[in-house]
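Chains as they are written, first to last, in the numbering used here: chain A, 315 to 646; chain B, 1164 to 1446.
For reference, the structure discussed in these notes is given below.
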C-alpha cells in the first residue's frame, strides 16, 4: 500500500489501466499505474518509449486516443476525475491542469498567430474577458517565459519561431491560467541539447514561482536528476519503482532502474562502450507470466519467471522486484 | 568584381508574383473574359440574342462573325450571352455543393460514429449513380428549367466535397495541435472550427475551381438533351443541340462549343495553378 506522505496529494492515480480492443483481443498498454503528486512537487515519470508513461498520464486527464478504454481512479484535489462530466473535465483542462507536449512545432496551430493561440487559452477559461485583455495577458505571458520583444512576437506565426522559442510559447499557454498541476510530456525531447537546458530552466523557474505541482514525463534520467523531487519508473505499463530522486540514484531498488542509471553516459569513465540493457521491452499483449522484466534481467531467478513481484517498500521507497533492497540478491 | 545590374528580363522575373504561372495567367484571362461577359454581353454583343437578324443558316461573314442559326439569330451574340446564364449558375451550384458537402463531410470526419457512418453511406449511395444519369433523373422529375437543373446538379455534386472534406478532417484531427487545443480546454465545436477546418480548405478550393468547368459542362449537357434551359434562352448546351441537327452548318455549334471548351480549360488552368501554389513542394 501507499505509505502515508503526511500531506494530501494534489493528484493521485490509482491502478490506472488503458486497454485497446483489437480484433476481439484486448491489449492492455497501461497495466495499473499508481502514483501521486503533492502540491508544488515535481514527480518525474521515466520509462522507455512504449512503456505507457505518456499514454497513462494523458489518459488520466481524459486525453486517451479514440477506442481506448480507461479504468482505475484519478483524483485531483480529492475530486474523482474519471466520473466527472465531460464539460467539467474540459473546464479543468487548461485551467487547473495544463499540458505541455513533446513537439512544439506540431503542437501549435500553424495558421493562428502565437498571440491568438495564447489569448485563446486565456479566454477559454475567462469567457467574460475582452479579446484585448486576453491579448495583453498573452503579451505578459510571453515576457514571463523570457521571449524577447513580446510586442512584435505576438503577431507572428509558429513557423517564425525557433524550436526553443516555440516550446516557450507552449509553456506560456500552459501556465496561462495559473494551473495547479502541469503535465509536461517530454518537453525537451525534440530540442537541441543546449536549448533543452534553457527550457528546463524556464520550466523549473516557473514551477518554483507558481508553486506548480508537476509531472515531468521523460525517458532521460539525467533530466530528472536536476529537476524532480521524486521519480516513478515505468516499465511495461506499470510503475516498477518510486522513490525520492536522491534515494533513487543512490540506492536503486529495481534492476531496471539500475540499468537505466548505468546507461547514462559518464564523462569521467574512460570506457569505449556505453552500457545498455539487453533486449527490448515486451510488446503489448505478450507479457511473460512472472516479472515483465525477467527476460532482460541479469539477476532473474525461477521465482521471477513464475510470480509477478509485488511492490516492496522501504520507507517511501518502493520497488516491484522480488529482490528489492536485498543485498544478497543484488550481488547475485 | 563589378556589380552587374540585373537585366530587364531578370528584373521582371524577380518581381513576378510567384503564384502567377503561365497556365494560371491563361486561365485567369479566359475566365476573366467570360466573367466580364456575364454583365457586359448586352453591351458588346453586336445583335440581340433573341432577334431574328438575318437570313437563316448564313455562314460566318463580316456581318455575322459566327454565322446565323436555323432561325436567323446571330450565333456570336447568342454565344456571348450564354455566359450570362452558365457562369453564375455554375458558381451557385459549386458554392452550394461545397457548403453542403463540406459541412456534412467535416461533421462526419470529426464526429465519426453513427452520424459519420450515415452521412458517408448517403455519399456512397449518391456516388454509386453515374452523375449524368442521376442529374438527368432528378432534372427530369423536377421538369425543365435552369433552376431545376441547378438543384439536380447540387444533388449530384455535394458528395464529392463531403468525401474530400472528411478525408482532410480525418487527417488533421490527429495532429498534435488539435490534441493540444483539447488539452487547453477547448470545446469540440471550437476545436473543429478554429483548429481543424482552417487547415482543410486547400484541396476543396482547388477541386471546386476545377469543378466550375465541369458543372458548366454538365449544365450544357442537361440543356443539350432538353432538361436545362428552355428555348429561346441562349444557353450553350441547347445551342449545340440546335447545331447538331444542322449537320452542314458547322458554325451553329462552333460558337457555343468553343465557349465551353475555353471556359472548362480556363477553370482547369486556374485549379492547376492553385494546386501548385498551395503545394509546398512546388517552387
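Glycine included, C-beta positions come from ideal geometry on N, C-alpha and C.
Owing to the predicted nature of the structure, the values given are computational and were not obtained by experimental measurement.
For the pair residue 553 of chain A and residue 547 of chain A, the Cα-to-Cα distance works out to about 6 Å.
If you look at residue 342 of chain A, you'll find it in the beta strand (DSSP E) that goes 339-351. Think of a sphere of 7 Å around the beta carbon of residue 1361 of chain B: the chain A residues whose beta carbon falls inside it are 425, in chain order.
Here residue 537 of chain A is actually not in contact with residue 412 of chain A; their C-beta atoms are around 19 Å apart, not less than 8 Å. The three-state secondary structure of residue 627 of chain A, taken from DSSP, is strand. Bounds of the beta strand (DSSP E) holding residue 529 of chain A are 527-532. Residue-level contact by beta carbon holds for residue 1350 of chain B and chain A, with a gap shorter than 8 Å. For residue 537 of chain A, the enclosing alpha helix (DSSP H) begins and ends at 535-541. Contact annotation for residue 435 of chain A against chain B: 1347 [CB-CB distance below 7 Å, chain order].
Under the DSSP assignment, residue 419 of chain A falls outside any beta strand (DSSP E); it carries neither an H nor an E label. Judged by beta-carbon spacing, residue 1233 of chain B lies within the 8 Å limit of residue 1220 of chain B, meaning their Cβ atoms are closer than that value. Across the stretch 1206-1237 of chain B, no CB contact with chain A closer than 8 Å is found for any residue. The DSSP-derived three-state label of residue 1196 of chain B is helix.
Chain B places no beta carbon closer than 8 Å to that of residue 358 of chain A, leaving this residue out of the contacts. With the rule of 3 Cβ pairs closer than 8 Å, the stretch 524-542 of chain A counts as touching the stretch 362-373 of chain A. Within chain A, the residues placing a beta-carbon under 8 Å from that of residue 1338 of chain B are 420, ordered along the chain. In the structure shown, residue 548 of chain A falls within a strand segment according to DSSP collapsed to helix, strand and coil.
Its Cα nearest to that of residue 1335 of chain B, the residue B/1272 stands out among B/1395, B/1430, B/1272 and B/1229. Only 497 from the stretch 495-526 of chain A bring a Cβ to less than 9 Å from some Cβ of chain B. Cβ proximity to chain A below 8 Å picks out nothing from the stretch 1261-1273 of chain B.
The continuous beta strand (DSSP E) containing residue 326 of chain A extends over residues 325-336. The continuous alpha helix (DSSP H) containing residue 1268 of chain B extends over residues 1238-1274. Residues of chain B whose Cβ lies closer than 7 Å to the Cβ of residue 541 of chain A do not exist; the shortest such Cβ separation is about 21 Å.
Look at the stretch 620-633 of chain A: it has no residue with a C-beta under 7 Å from a C-beta of chain B.
Between the beta-carbon of residue 1416 of chain B and that of residue 1400 of chain B there is about 11 Å, and that puts the pair past the 8 Å contact cut. When secondary structure is reduced to three states using DSSP, residue 390 of chain A falls in the strand class. Think of a sphere of 7 Å around the beta carbon of residue 1358 of chain B: the chain A residues whose beta carbon falls inside it are 423, in chain order. Of A/434, A/404 and A/457, the smallest CA-CA separation from residue 446 of chain A is found for A/434. Assignment of beta-bridge partners to residue 411 of chain A by DSSP yields A/407 and A/495. At a C-beta separation below 7 Å, residue 417 of chain A has these neighbours in chain B: 1339. Spanning the alpha carbons of residue 472 of chain A and residue 1306 of chain B requires a straight line of approximately 54 Å.
Counting only Cβ-Cβ distances below 7 Å, residue 408 of chain A has contacts in chain B at 1346, 1347 and 1348, in chain order.
By the rule that beta-carbons nearer than 8 Å mark a contact, residue 1330 of chain B does not touch chain A. For residue 1376 of chain B, the enclosing alpha helix (DSSP H) has its first and last residue at 1364-1387. Residue 357 of chain A: member of the beta strand (DSSP E) spanning 356-360, first to last residue.
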